[in-house]
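Offset between the sequence shown (1-based) and the numbering used here: plus 775. Let me begin by presenting the structure, written as structure tokens, before commenting on it.
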Amino acid sequence: MSLPPAVEANSNRTARRGRLLQILGVGFGLAVIIGNTIGAGILSTPGSIAQQLPNAWLFIGVWVGGGLYALLGAISIAELGTMIPRSGGQYVFAHEALGDYAGFIVGWSDWISTCGTISFISLIVAQYAAVLFPSLAGRSTALALAIVVVFAVIQWRGIRWGSSVQNVTSLVKALAFVALVLACFLLGGSATAPESAIAQQVPHGLKLFVAVILALQGVIYTYDGWTGVIYFSEEVRNPARDIPRAMFGGVLSVIAIYLLVNLAILYVLPISEIAGSDLALGKAARSIFTDDSLYAKRGECLPVDGDAGFVRNEQGRALFDQGRPGERRRHADGRSLLQHAGSGAFHCYRDGRSGPRGGGLLLRRELCNFVCGSFPFSPA
776 MSLPPAVEAN SNRTARRGRL LQILGVGFGL AVIIGNTIGA GILSTPGSIA
826 QQLPNAWLFI GVWVGGGLYA LLGAISIAEL GTMIPRSGGQ YVFAHEALGD
876 YAGFIVGWSD WISTCGTISF ISLIVAQYAA VLFPSLAGRS TALALAIVVV
926 FAVIQWRGIR WGSSVQNVTS LVKALAFVAL VLACFLLGGS ATAPESAIAQ
976 QVPHGLKLFV AVILALQGVI YTYDGWTGVI YFSEEVRNPA RDIPRAMFGG
1026 VLSVIAIYLL VNLAILYVLP ISEIAGSDLA LGKAARSIFT DDSLYAKRGE
1076 CLPVDGDAGF VRNEQGRALF DQGRPGERRR HADGRSLLQH AGSGAFHCYR
1126 DGRSGPRGGG LLLRRELCNF VCGSFPFSPA
């Protein structure tokens, strides 16, 4: 007796060994890209860009150029994500294109960088929490460790919990940015500055070309993170449809938010005051609110909220694809002892399941938890 098609498909979806559950949709993909991309970079980058290009048109132009660069990249990555719908991030593509050794190097470097990113974000959140709550001053290390533990517990509960937290934090972050932009346009005055003084500072010729390249480098780094959905390709219900929608929608949303934020900063502050500012967004918030107001402080802390949630979702998957049974056999039969040691030491399956508490992904999470928890205590 055969099962109905829907029941059979659902059974295959949840019972295949070494596979993750296909339960994610476009909404999660959008949340991942927005939450992963918009971070602490938007705090400091506008100041450095304005210092290199002290002209409003050039300032906005490089943000548009960086957005187009990300959008062009999204075309290629979205195609790869639909062609090879496996969770694992950059490792999947490097392994398919360049083989075992290159895939191993890319996968492990990606994993180490995500562990370091979580610790860095946790420390940044802890430091900015002291701005909102002065009683927490001097306790950044302990608070950073607590943040790591909290997100570890959330991820231990499974991808449904993790995706829900990611959706909420990304939505709150996007709405808070929109609210701050509206406040700048509604409460701030149009910024004015002596144009003659600014014009003398704008580079020309070769110096302008170099300044644009350096500015684009900072902007492209601030846009970095738009590839986040490919770490979950295997868990998307319909990869061929949902991955491109999530990637293009997420990148366009980030472009819109970044342009609105920078236009709002320009509306409130003259370019000469933005140039060299470490916290241009916070400076704009302080200019429309009082320096000690909760709103001004909140504007300084806005971009770092919820970043650790996405990276916690991502980091276990940076190891996951390397640890599949087939991948381990391939590594064991390969020529590199380093590959064999790396893939075999941490990537053992307890029962082949990859559900909310599947042995393979759980073991990776615990390893990630240990590494992330140790970074805040490492010497500077």
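Idealized CB from N, CA, C, for every residue including glycine. Remember, predicted model here, so these are calculated numbers, not experimental data.
Here's the rule: buried if 16 or more other CB atoms are within 10 angstroms of the residue's CB, otherwise exposed. What is residue i?
i: M858; result: exposed
i: G1133; result: With a pLDDT of only 44 at G1133, under the threshold of 50, the placement of this residue in the model should not be trusted; the figure read from the coordinates follows. Its Cβ being crowded by 16 or more others within 10 Å, G1133 is buried.
i: L795; result: buried
i: A1050; result: buried
i: V928; result: exposed
i: G1025; result: buried
i: H870; result: buried
i: F984; result: exposed
i: T916; result: exposed
i: I850; result: exposed
i: K982; result: exposed
i: L907; result: exposed
i: L847; result: exposed
i: A949; result: buried
i: L799; result: buried
i: G937; result: buried
i: L920; result: buried
Over what stretch of residues does the alpha helix (DSSP H) that includes residue i continue unbroken?
i: P821; result: 816-827
i: L796; result: Note, L796: premise wrong, no alpha helix (DSSP H); not H, not E.
i: T857; result: 831-858
i: Q1097; result: No alpha helix (DSSP H) holds Q1097; DSSP gives it neither H nor E.
i: P1014; result: 1014-1043
i: E1005; result: According to the sequence provided, residue 1005 is Ile. The question's Glu does not apply to it. Neither: I1005 is in no alpha helix (DSSP H) and is coded neither H nor E.
i: S1052; result: No alpha helix (DSSP H) contains S1052, which DSSP labels as neither H nor E.
i: R935; result: 934-962
i: L918; result: 915-931
i: T1011; result: For the sequence presented, residue 1011 should be read as Val rather than Thr. Looking at the DSSP string, V1011 is not in any alpha helix (DSSP H), and its letter there is neither H nor E.
i: A986; result: 980-998
i: L911; result: No alpha helix (DSSP H) contains L911, which DSSP labels as neither H nor E.
i: V867; result: 865-873
Just to check my reading of the structure: residue i and residue j have Cβ atoms closer than 8 Å, yes? What is that Cβ distance to the nearest angstrom?
i: Y1033; j: S862; result: Incorrect: roughly 28 Å between the Cβ atoms, too far for contact.
i: I995; j: Y903; result: Contact flag wrong, Cβ pair sits at about 24 Å.
i: D1053; j: S819; result: 5 Å
i: S1062; j: L1044; result: 6 Å
i: I808; j: W1001; result: 5 Å
i: N811; j: G1003; result: 4 Å
i: S945; j: A806; result: 4 Å
i: Q865; j: A986; result: 31 Å between Cβ atoms; not a contact.
i: G840; j: L989; result: Their Cβ separation, rounded to whole angstroms, is 13 Å, which puts G840 and L989 out of contact at 8 Å.
i: F895; j: I1046; result: The pair is not a contact, with the Cβ atoms about 30 Å apart (cut-off 8 Å).
Quick one, which of the options has its alpha-carbon nearest residue i's?
i: G804; options: I1049, L1027, S897, A954; result: L1027
i: F960; options: L1094, L833, F1064; result: F1064
i: S897; options: A1059, H870, G882, F926; result: F926
i: D999; options: I929, W838, L957; result: W838
i: L962; options: L828, A1059, A853, A921; result: A1059
i: I852; options: V867, G841, N830; result: V867
i: V977; options: N830, L799, G822; result: N830
i: L1094; options: F879, G840, E854, L846; result: F879
i: G822; options: T997, A1021, W883, D1096; result: T997
i: L918; options: G1057, A901, Y876, V924; result: A901
i: R1092; options: D875, L799, G882, Y876; result: G882
i: I922; options: P1019, I899, V956; result: I899
i: A954; options: L855, L1056, S939; result: L1056
i: Q941; options: L855, L846, G802; result: G802
i: G842; options: A1015, E1048, G993; result: G993
i: L855; options: I1046, Q1097, M1022; result: M1022
i: I893; options: L957, V924, G874; result: V924
i: Q1097; options: E1048, F952, Y876; result: Y876
i: P1019; options: L873, G836, Q797, P860; result: P860
With contact counted as at least three CB pairs below 8 Å, one residue from each stretch, are the segment 1036-1056 and the segment 881-896 in contact?
-> Under the Cβ criterion (8 Å, minimum of three pairs), the segment 1036-1056 does not count as touching the segment 881-896.
The segment 902-919 touching the segment 930-937, judged by at least three CB pairs closer than 8 Å = The segment 902-919, when compared against the segment 930-937, does not touch it at the 8 Å Cβ threshold.
Decide if the segment 1001-1012 is in contact with the segment 813-828; the criterion is three or more beta carbon pairs, one per stretch, under 8 Å apart.
-> Contact between the segment 1001-1012 and the segment 813-828 is absent: fewer than 3 CB-CB pairs across the two stretches fall below 8 Å.
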